[in-house]
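Reminder that position 33 of the sequence shown reads as 32 in numbering that gives the first Met the number 0, one-by-one numbering, no gaps.
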Amino acid sequence: MRSLFSLFPLLFFLFTFHGATGNKLIRNTCKLISKDTPNVKYEFCKTSLEAAWDEDYYPSLATMGSVTLELIMKNVTNTKSYTEDLKDDTSEPDLNACLSDCLELYSNTISDLEEVVDDYKSRKYQQASEGTNAVLTSLTTCEDGFKDRGLASPLMERNNDAFQLSTIAVNILKMLS
0 MRSLFSLFPL LFFLFTFHGA TGNKLIRNTC KLISKDTPNV KYEFCKTSLE AAWDEDYYPS
60 LATMGSVTLE LIMKNVTNTK SYTEDLKDDT SEPDLNACLS DCLELYSNTI SDLEEVVDDY
120 KSRKYQQASE GTNAVLTSLT TCEDGFKDRG LASPLMERNN DAFQLSTIAV NILKMLS
């Protein structure tokens with residue numbers, strides 16, 4: 000019985016170290032990405048990944064990539080639902096047209112992300128990176144639609160978050176390649 004109790008401090012240390020290693024990996028990776036990529040803010044990167052990081056995750060770049068792809072999927076899916084609600088509530092024709100265009104882009108993006116996740120799981124990092132770049136293009140196209148019509152985008156913050164997450168994913172994929 001005594002040997003079982005002597006394992007508790009060791010197990011506590013290992014679990015604490017495991018989580019601390021994940022946080023350190025996140026901080027270091029986010030520093031590197033935000034330094035090399037001006038449109039990714041360090042705090043956003045760190046906060047997003049730490050909030051989504053499960054203490055049971057093995058601290059690796061591959062796990063971080065998977066977590067980032069999950070975050071992008073959640074963001075785009077939630078933004079699509081939000082956009083549907085906005086579209087239902089507007090009667091302004093130009094805004095309605097922009098929202099319709101963005102909805103189509105989000106639908107395509109969700110399909111693209113499903114392929115990206117499959118490529119990622121198969122360790123086809125180059126294909127996953129290309130698919131993630133397509134996400135970046137869709138987000139930019141959505142925002143450009145509002146600018147072209149002289150409208151303020153009601154999706155700018157959400158699209159910016161997805162853009163930063165996608166840029167983080169592209170950088171992680173480059174590191175893994």
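The beta carbon of each residue, even a glycine, is placed where N, CA and C say it ideally should be.
Just confirm the distance between the C-beta atoms of residue i and residue j, as a whole number of angstroms; I'd bet it's less than 8 Å.
i, j, result
"L60", "S128", "Between S128 and L60 the Cβ distance is about 14 Å, and since that is not below 8 Å, they are no contact."
"S192", "V134", "Given a span of 0 to 176 for the chain in the structure shown, any question on residue 192 remains unanswerable."
"L68", "Y105", "So it is not a contact: roughly 16 Å between Cβ atoms."
Between which two residues does the alpha helix (DSSP H) carrying residue i extend?
i, result
"T177", "Examination of residue 177 is not possible in this model, given that the chain is present from 0 through 176 alone."
If you drop the 5 nearest sequence neighbours on each side, which residues of the same chain put their C-beta closer than 8 Å to that of residue i?
i, result
"R157", "N74, N77, T78, Y81"
"L102", "K79, T82, E83, K86"
"N38", "F162, Q163, T166"
In three-state terms, what does DSSP make of residue i?
i, result
"V115", "helix"
"T36", "coil"
"I167", "helix"
"D93", "helix"
"E54", "coil"
"S47", "helix"
Give every residue of the same chain whose Cβ lies closer than 6 Å to the Cβ of residue i, excluding the five residues on either side of it in the sequence, and list them in chain order.
i, result
"L138", "N158, A161, F162"
"G144", "C97, D100"
Below 7 Å CB to CB, which residues in the same chain sit around residue i once its five sequence neighbours on both sides are set aside?
i, result
"T36", "T166, N170"
"L94", "L150"
Run through the region 100-163 for me and flag every whole alpha helix (DSSP H) of 4 or more residues, listed as ranges in chain order.
124-147
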